[in-house]
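Worksheet for the structure shown next.
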Ligand SMILES: [Zn+2]
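Residue numbers (the numbering used here): 199 to 411.
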C-alpha cells in the first residue's frame with residue numbers, strides 16, 4: 199500500500215479507536231441545538247422552531263451514520279467468476295455528500311474509482327458507492343476521505359492498482375469566508391500500477407472525462 203495512504207489510514211484508525219467519549223443522550227443533543235438556535239439570535243420556543251432540535255438530531259443520525267458502518271462488511275464479498283476479465287473497472291460519477299470537519303457544513307460532489315482486479319476477484323459495483331458513503335457520512339476533509347476510500351479498497355480487494363478522484367464543492371468556501379461559488383476541489387490518489395505507470399493515470403483521467411465536455 200502507498201505510504202501516504204498507509205500513514206493517513208493509521209492516523210484515522212488511531213483516532214477512531216481512541217477510547218470512545220461517552221455519547222450524550224438524545225435530550226442533551228437536542229438541548230445543544232436549542233443553544234445554537236439562541237446563538238443565531240432566534241427564539242427556539244417559537245412555533246416554527248419548536249421541533250427543530252428533534253429534526254436536527256435525527257438528521258445528524260443520517261449525516262453521520264458512517265461511524266456505525268464498517269468497510270469490511272461491504273468489501274468482504276468478492277466475485278471470482280469473471281471469465282478471466284482482468285482489465286480496468288471504472289465506476290464514475292458516484293454522488294456523495296459529506297461534512298467538513300472544520301465547520302460542520304456540507305461538501306458534496308462525485309467520486310470516480312477505478313481498479314485492476316487481482317486473482318482475488320471483483321466486487322459488486324454498488325459496493326463501491328456504498329463504501330464511499332461509509333466514509334462520507336462522517337466528519338471529513340476531502341483529502342482524508344480520498345485516502346480512506348482507496349485504502350479500504352487496497353486492503354480488502356488487493357487490486358493490482360487503484361485510482362480515485364473526488365470532485366467536490368465545499369459550502370464552507372461558497373457560503374462563508376471567501377464566498378466563492380462554483381469552486382471545485384479535486385483530489386486524486388493512486389496505488390499499484392496506477393502509481394507506478396503515468397500512462398495508467400492518463401488512461402484513468404481519459405476514461406473519467408470520456409464523453410464529457
Ligand atoms: Zn470547512
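Every residue gets a Cβ at the ideal spot worked out from N, C-alpha and C, and that includes glycine. Treat the numbers as computed from the prediction; the structure is a model and nothing was measured.
Quick test of the definition: if touching needs 3 or more C-beta pairs under 8 Å, does the stretch 286-302 touch the stretch 239-257? Touching, no.
message: Can you tell me whether residue 146 is buried or exposed? The criterion is at least 16 other CB atoms within 10 Å of its CB, across all chains shown.
response: The structure shown does not extend to residue 146, since the chain spans only 199 to 411, so no value can be given for it.
Please find out if some non-hydrogen atom of ligand 3 comes closer than 8 Å to the beta-carbon of residue 303.
-> Looking for ligand 3 in the displayed structure turns up nothing; the ligands present are ligand 1.
Contact under 9 Å by Cβ, residue 344 with residue 387:
Yes, the Cβ-Cβ distance between residue 344 and residue 387 is below 9 Å.
- Is residue 291 helix, strand or coil when you go by DSSP? In the three-state reduction of the DSSP assignment, residue 291 falls in the strand class.
**OP:** Please go through the same chain and pick out, in chain order, the residues whose beta-carbon is closer than 7 Å to the beta-carbon of residue 235, but skip the five residues on each side of it.
**Re:** Residues 242, 247 and 250 of the same chain have their beta carbon placed closer than 7 Å to that of residue 235, with the five preceding and five following residues left out of the count.
Any chance the CB of residue 300 is under 8 Å from a heavy atom of ligand 1?
Correct: residue 300 has its Cβ closer than 8 Å to ligand 1.
- Query: So is residue 325 buried or exposed if we call it buried at 16+ other beta carbons inside 10 Å?
  - Reply: Buried, because 16 or more other Cβ atoms sit within 10 Å of the Cβ of residue 325.
Within the continuous alpha helix (DSSP H) that includes residue 405, where are the two ends? Where residue 405 is concerned, the enclosing alpha helix (DSSP H) stretches over 396-407.
Practice prompt. Going by CA-CA distance only, name the one from 310, 361 and 368 that's closest to residue 340.
Written response: It is 368 whose Cα lies nearest to the Cα of residue 340.
For residue 365 and residue 382, the rounded distance between their alpha carbons: Whole-angstrom Cα-Cα distance: 6 Å.
Q. Quick one: is the Cβ of residue 379 within less than 8 Å of any heavy atom of ligand 1?
A. Because no heavy atom of ligand 1 lies under 8 Å away, the Cβ of residue 379 does not count as near it: no.
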